[in-house]
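Novice:
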Amino acid sequence: NRRFVLAQRPTGEPDNDTLRLETADLPTPAAGQMLLRNEYLSLDPYMRGRMSDAPSYAEPVALGEVMVGGTVSQVVTSQVEGFAEGDWAVAFGGWQDYALSDGKGVINLGKNPENPSWSLGVLGMPGLTAWAGLTQIGRPEAGETLVVAGASGPVGATVGQVGKILGCRVVGIAGGPQKCGHVVDTLGFDDCIDYKASGFPDALATAASDGIDVYYENVGGAVFDAVLPLLNTSARIPVCGLISQYNATSLPEGPDRMGYLMGQVLRRRITMRGFIVFDDFGHLYPEFASQMTTWVKQGKVRYREEVIAGLEQAPAAFVGLLRGEAFGKRVVHLDD
Ligand code: NDP
60 NRRFVLAQRP TGEPDNDTLR LETADLPTPA AGQMLLRNEY LSLDPYMRGR
110 MSDAPSYAEP VALGEVMVGG TVSQVVTSQV EGFAEGDWAV AFGGWQDYAL
160 SDGKGVINLG KNPENPSWSL GVLGMPGLTA WAGLTQIGRP EAGETLVVAG
210 ASGPVGATVG QVGKILGCRV VGIAGGPQKC GHVVDTLGFD DCIDYKASGF
260 PDALATAASD GIDVYYENVG GAVFDAVLPL LNTSARIPVC GLISQYNATS
310 LPEGPDRMGY LMGQVLRRRI TMRGFIVFDD FGHLYPEFAS QMTTWVKQGK
360 VRYREEVIAG LEQAPAAFVG LLRGEAFGKR VVHLDD
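Taking the numbering used here, I'd label the letters of the sequence shown as residues 60 to 395.
#1: Please classify S115 as buried or exposed, where buried requires at least 16 neighbouring CB atoms within 10 angstroms.
#2: Buried or exposed: which applies to M321, given that a residue is buried once 16 or more other Cβ atoms fall within 10 Å of its Cβ?
#3: Does DSSP put C227 in a helix, a strand or coil?
#4: Determine the extent of the alpha helix (DSSP H) in which D284 is found, giving its start and end residues.
#5: Touching or not, the region 134–152 and the region 88–95, by the rule of three or more beta carbon pairs under 8 Å?
#6: How far does the alpha helix (DSSP H) with P374 in it extend, from its first residue to its last?
#7: My output table needs one value for D244: the three-state DSSP class, helix, strand or coil.
#8: Using a 10 Å radius around the Cβ and a threshold of 16 neighbouring Cβ atoms, would you call N97 buried or exposed?
#9: From A113, G280 and K163, pick the residue whose C-alpha is nearest to that of G313; which is it?
#10: Quick check on V355: does DSSP put it in helix, strand or coil?
#11: Thinking just about the alpha-carbon of each residue, which of V206, F151, V131 and N277 is nearest to the one in G169?
#12: Using 8 Å as the cut-off, classify the Cβ of S257 as near or not near the heavy atoms of ligand 1, replying yes or no.
#13: By alpha-carbon positions, which one of G387, L94, V355 and E371 ends up nearest to N174?
#14: Do A189 and V214 have their C-beta atoms closer together than 9 Å?
#15: Any idea if H241 is buried or exposed, counting beta-carbon neighbours within 10 angstroms, 16 or more meaning buried?
#16: Does the region 219–239 come close enough to the region 192–206 that 3 or more CB-CB pairs lie under 8 Å?
#17: Applying the criterion that 16 or more other CB atoms from any shown protein chain within 10 Å of the CB defines a buried residue, is V366 buried or exposed?
#18: Since L381 contacts P185 with CB under 8 Å, what's their CB separation in whole angstroms?
#19: I'd like the span of the alpha helix (DSSP H) that includes L187, first residue to last.
#20: Given 8 Å as the limit, tell me if G358 has its C-beta closer than that to any heavy atom belonging to ligand 2.
#21: Output the residue ranges of the alpha helix (DSSP H) runs that lie fully inside the region 305–342 and measure 4 residues or longer, sorted by chain position.
#22: Could you check how far apart the C-beta atoms of R316 and L290 are, in whole angstroms? I think they sit under 8 Å.
#23: Report whether the distance from the Cβ of Y319 to the nearest heavy atom of ligand 1 is below 8 Å.
Structure representation (C-alpha cells):
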C-alpha cells in the first residue's frame, strides 16, 4: 500500500519536503469495515489548507498522517451493509492505494458507473459547490449579469453553465487565451476575460457594461479589485474560495482598501456570504445530484477533466493546480 503522508507543514508553496511517499502493509478491515482500492484521487485547492495548522474550518492533517482526499474507489472486501465486492464508490480514501472505511459518507455508484471519476468533479463535491453557492447565495434572476472567476476550473465552469441555464448573461474570468476560448466556445459563456492580460479591469468593465449582479468568488486578489467597482445595487457575492491567497505568507502590500470595500458594501447594499459546501449545503446533495445528472446527460453542462497518471505524480500535480497549470478538473489515476 503506497501512501503519501504529511512530512512537513509548508511555508508558501508546498515543496519536495511537504509530502513523503511510504509503503505500508495492506490494511486489514475490522468488523463493520470495508477495504477500498482507490482508483482516482481528486486534487482540490482546499488540500493546501489541510497542510497548514493555521485556524480553519477543518482540522489540519497531523504530521505523519496520510494526506486527505476524495477518491473514487472499488470495494475489495466488505462487511458494510449496502456495499459488495466490485462496487464503485465515492469515498474519502486519501492519497494512498488502499483505504479502510465504515461506509459513513460513502456513496455507492454501483458496478458499472459510466464515468466514475466525474463523481469527483461536476457530479460531486465541486459540482455541488457550484450549484448550491450559485442558487442559494447568488440567487440569480434571468437577465442579470453573472461574473464568475476561475471560470475554466470545475467549480467556475459549472457555475457559469448553470447561470446560462437560469437565463443570465455570463462573463467568465480565466488565465490565458486558451482557457478563455474554451469557456466561451465549449462551455457557452457569453464572454470570458483574461485576467493576466494588460487592461484586464477595463476589458471586464466593457464585458459587464450593465454592471455585475452576481459575482461568484473563487480567487480573490487582483480579480476582486477589478470586480468591486462594477457591482450593481443589491449585488450578491457567494464567497466560495480565495485561491490567490492559499500559498501567501503575508497580507498583500497596501494601500489599505478596507474602507473602500465597506463603503461599496454599504452604498450598493451588497450581500457577501461565505460557505463551506457540506456544512452548509450537504442536505441539498440528492436534489443537486438528480438535477446535475440530467443536465450532463442532456449536454447542457459540459465537463473537462485532466487525468494524471500515477500516485507518485500527485504532489507535483497538486502544486501545479495551485499555480494555474490545470485545465479543467485534475484527478490522479492511481493504477498507472
Ligand atoms: P480550480 O481548478 O478553479 O483552481 C485552480 C485554478 O485557480 C487555476 O487553474 C487558476 O485558474 C486559478 N488561480 C490560481 N491562482 C490564481 C490567482 N492568483 N488569481 C486568479 N486565479 C488563480 O479549482 P476548483 O474549481 O476546484 O475550486 C475553485 C475555488 O472554489 C477554489 O478557491 C476552492 O478553494 C473553492 N472551493 C470552495 C468550497 C467551499 O466549500 N467553499 C468547495 C470547493 C471548492 P487560471 O488558470 O484561470 O488562473
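For every residue, glycine included, the Cβ atom is placed at its ideal position computed from N, Cα and C. Given the structure is predicted, the values throughout are model-derived calculations rather than measurements.
Specialist: Walking through what the data contain:
#1: Mapped onto the sequence shown, residue 115 falls at position 56. Looking at its Cβ environment, which holds fewer than 16 other Cβ atoms inside 10 Å, S115 is exposed.
#2: Taking the sequence shown and counting its residues from 1, the one referred to as residue 321 is at position 262. Classified as exposed, M321 has fewer than 16 neighbouring CB atoms from the shown chains inside 10 Å of its CB.
#3: Within the sequence shown, numbered from 1, the residue matching residue 227 stands at position 168. C227 falls in the coil class under three-state DSSP.
#4: As a working mapping, residue 284 is identified with position 225 in the sequence shown. Per DSSP, D284 belongs to the alpha helix (DSSP H) from G280 to V286.
#5: yes
#6: Numbered from 1 along the sequence shown, position 315 holds the residue referred to as residue 374. Counting along the chain, the unbroken alpha helix (DSSP H) around P374 starts and ends at A373 to R382.
#7: Along the sequence shown, read from residue 1 onward, the residue named residue 244 stands at position 185. D244 falls in the helix class under three-state DSSP.
#8: Locating residue 97 in the sequence shown gives position 38, where the first residue counts as 1. With 16 or more Cβ atoms within 10 Å of its Cβ, N97 is classed as buried.
#9: Here residue 313 is taken as the residue at index 254 of the sequence shown, counted from 1. Residue G280 is the option with its Cα nearest to G313.
#10: In the sequence shown, residue 355 corresponds to position 296, counting from 1. V355: helix per DSSP, three-state reduction.
#11: Walking along the sequence shown from the start, residue 169 turns up at place 110. Selected option, being the one with the closest Cα: V131.
#12: Counting from 1 along the sequence shown, the entry for residue 257 is found at position 198. S257: no, Cβ never under 8 Å from ligand 1.
#13: The sequence position of residue 174 within the sequence shown is 115, counting from 1. Selected option, being the one with the closest Cα: V355.
#14: Within the sequence shown, residue 189 is the residue found at index 130, counting from 1. Within the sequence shown, residue 214 is the residue found at index 155, counting from 1. Between A189 and V214, the gap from beta carbon to beta carbon is short of 9 Å.
#15: Position 182 of the sequence shown, counting from 1, holds the residue named residue 241. The residue is buried, with at least 16 neighbouring Cβ atoms inside 10 Å.
#16: Yes, the region 192–206 touches the region 219–239.
#17: Taking the first residue of the sequence shown as position 1, residue 366 is located at position 307. Around the beta carbon of V366, fewer than 16 other beta carbons lie within 10 angstroms, which makes this residue exposed.
#18: Against the sequence shown, residue 381 aligns to sequence position 322. Against the sequence shown, residue 185 aligns to sequence position 126. Not quite, the Cβ-Cβ distance comes to about 15 Å (not below 8 Å), so this is no contact.
#19: As a position in the sequence shown, residue 187 is number 128, starting the count at 1. Taken as a continuous stretch (DSSP letters only), the alpha helix (DSSP H) holding L187 covers M184 to A191.
#20: Ligand 2 is not part of this structure, which contains only ligand 1.
#21: 317–326 and 336–340
#22: In the sequence shown, the residue the question calls residue 316 occupies position 257. In the sequence shown, the residue the question calls residue 290 occupies position 231. The pair is not a contact, with the Cβ atoms about 14 Å apart (cut-off 8 Å).
#23: On the sequence shown, residue 319 is found 260 positions in, with the first residue counted as 1. Outside the cutoff, so no.
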